[in-house]
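Colleague:
In the numbering used here, the protein residues as written are 6 to 488.
1) Fully enclosed by the segment 113–181, which alpha helix (DSSP H) runs are 4 residues long or longer?
2) For the beta strand (DSSP E) containing residue 408, list its first residue and its last residue.
3) Label residue 477 either buried or exposed according to how many other C-beta atoms from any shown protein chain fall within 10 Å of its C-beta, with 16 as the threshold for buried.
4) Say whether the segment 157–170 touches the segment 137–146, bearing in mind that this needs 3 or more beta-carbon pairs closer than 8 Å, one atom from each stretch.
5) On the criterion of 16 or more Cβ atoms from any shown chain inside 10 Å, does residue 439 qualify as buried, or is it exposed?
6) Since residue 358 sits in a beta bridge, which residues does DSSP pair it with?
7) Give the DSSP bridge partners of residue 439, in chain order.
8) In terms of residues, what are the limits of the beta strand (DSSP E) holding residue 75?
9) Sort 410, 326, 427 and 447 by Cα distance to residue 433 and report the nearest one.
10) Which word fits residue 131, buried or exposed, when buried means at least 16 other C-beta atoms lie within 10 angstroms of its C-beta?
11) For residue 241, tell me which candidate among 121, 120, 325 and 307 has the shortest Cα-Cα distance.
12) Assign residue 334 to one of two classes, buried (16 or more other C-beta atoms within 10 Å of its C-beta) or exposed (fewer than that).
13) Below 8 Å on the Cβ atoms is my guess for residue 70 versus residue 359; work out the distance and round it to an integer in Å.
14) Just how far apart, CA to CA, sit residue 374 and residue 121?
15) Roughly how many angstroms lie between the CA atoms of residue 214 and residue 397, to the nearest whole one?
16) Please classify residue 109 as buried or exposed, where buried requires at least 16 other C-beta atoms within 10 Å of its C-beta.
17) For residue 402, is the classification buried or exposed, using 16 other Cβ atoms within 10 angstroms of its Cβ as the cut-off for buried?
18) Between 219, 385 and 156, which has its C-alpha nearest residue 90's C-alpha?
19) Should residue 348 be flagged as near chain C, meaning a C-beta pair shorter than 8 Å?
20) Output the boundary residues of the beta strand (DSSP E) element that contains residue 235.
21) Residue range of the alpha helix (DSSP H) that residue 85 falls in?
22) In the structure shown, what three-state DSSP assignment does residue 430 receive?
23) Rank 210, 220, 175 and 453 by C-alpha distance to the C-alpha of residue 200 and give the top, closest one.
24) Between which residues of its own chain and residue 352 is the CB-CB distance below 6 Å, once the five residues before and five after are set aside?
25) Tell me the residue span of the alpha helix (DSSP H) that contains residue 199.
26) Whose C-beta lies closer than 7 Å to the C-beta of residue 330 among residues of the same chain, with five residues either side of it excluded?
27) Which residues in the same chain have their Cβ closer than 6 Å to the Cβ of residue 65, if we skip the five residues on either side of it in sequence?
28) Under the rule that 16 or more other beta-carbon atoms within 10 Å means buried, what is residue 102, buried or exposed?
29) If contacts are defined as beta-carbon pairs under 8 Å, then residue 249 and residue 85 qualify, I think. What distance do you get, rounded to the angstrom?
30) Are the beta-carbon atoms of residue 251 and residue 299 separated by less than 8 Å?
31) Quick one: using the 10 Å Cβ neighbour count with 16 as the cut-off for buried, is residue 482 buried or exposed?
32) Quick check: residue 421 and residue 445, are their CB atoms within less than 8 Å of each other?
33) Suppose the cutoff is 8 Å on Cβ atoms and the five residues either side in sequence are ignored; what does the same chain contact list for residue 473 look like?
34) Do residue 342 and residue 297 have their CB atoms nearer than 8 Å?
35) Please report the residue range of the alpha helix (DSSP H) in which residue 2 lies.
36) Could you say which of 61, 87, 447 and 138 lies nearest to residue 234 if we only look at CA atoms?
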């Protein structure tokens, strides 16, 4: 059943440094705000892109702004699968985007996985999820939405037994019609989705504010701590599906002034024109999402909840947008891998900008649980890194390397594996277990990643290949035999 509702704005080496459990009565709340396809440099406070994000700039000034954060597999479903399970894609089982093409290979979040949300539920937390989920495989007959009518079906309902502890649910699988989004509510059946005549992030912020306000305790038990995920789809394509008021912010910007980078192709080329067509709307989406983040933070502060709430803002991956002659993500370039990551907890963490910690999107699973006092509850199968000590203080140095994945759901010995250090980006491609390409960028000497120096550095390639092989063995990755 469909209906439309119109709403008004109501590695590798790691030091074992954990955080000791706190008293249960002081357990912090968690607000996890996640955008989709937001590049790491695209925050106004960084001064690297011409985007306006005043609310995120303010949030960054109140917490830690991690400027070396990455997504280890810069694609929607795999990144989200790693975040939820704390496992890399071979073991999370989310080896590619969840759709009808990957469904035959079992690509979806397993019901059996012990997600961080399952842990928090068992610790007495109230849990809510609002927005994009994208962790279920579509099955026939497909849901009657526009993105399920082509060669590949994308969108699917998530039944209650697959929600991993989230008892408040206003979500969808994946759906990119941002000006008329669709959702399933907590008790809706598969057929009972609805459309909304409101920009998706705005609607989702409305619902998040409702959850925070919790009038008459209708949405959660107000005596318990809560964790709320707000997963906003923009600035994912389509970039142009954003309210005019945010486009107006960039109306007088000369797009050519934004195209001076050597990785942006000239005007009149396919990729150069794509960038020029997209970038101002991309920024408009970001400014719009920024507005909604500001509204959510204001709701926390007005209710006296901000001081003892961990707030995270990040993205599942970045966006090439034609740079390097590449559209989208799923590649080892900085524009795709690096993501924004801001974390605030006024009661515990002093503000700073941190360019040292090599944190990954998926490291937030163990790191947040540890910060919240549940280090002992982190499942043994979690592969990502607990970086809570370094989050609390930059004096606690935890040296890690950031893994990189691009996985074939059909054949785990085909694709890319690699890692990112403070200086280098390294990757190897194999087809059916046979190595056929080496990638090495020295980002200190070549920050735009224009020159693959793998053939000039045989000893370094040998060293890195050995290091990668050790990591793949440790994580029981079949790709090991490709090296």
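Each residue gets a CB set at the ideal place from its N, CA and C atoms; glycine is no exception. Since the structure is predicted, the reported quantities are computational estimates derived from the model, not experimental observations.
Modeller: Put simply:
1) 121–127
2) 407–412
3) buried
4) yes
5) exposed
6) 70
7) 436
8) Note, residue 75: premise wrong, no beta strand (DSSP E); not H, not E.
9) 410
10) buried
11) 325
12) buried
13) 7 Å
14) 7 Å
15) 28 Å
16) exposed
17) exposed
18) 385
19) Going by chain labels, chain C is absent from the structure shown, which holds only one protein chain.
20) 231–236
21) 81–90
22) strand
23) 175
24) 312 and 313
25) It is not in any alpha helix (DSSP H) - residue 199 instead sits in the beta strand (DSSP E) that spans 198–201.
26) 270 and 276
27) 50 and 347
28) buried
29) Actually they are not in contact, since the Cβ atoms of residue 249 and residue 85 sit about 30 Å apart, beyond 8 Å.
30) no
31) buried
32) no
33) 422, 423, 424, 431, 433 and 488
34) no
35) With the chain represented from 6 up to 488, any question about residue 2 goes unanswered, as that position is not in the structure.
36) 138
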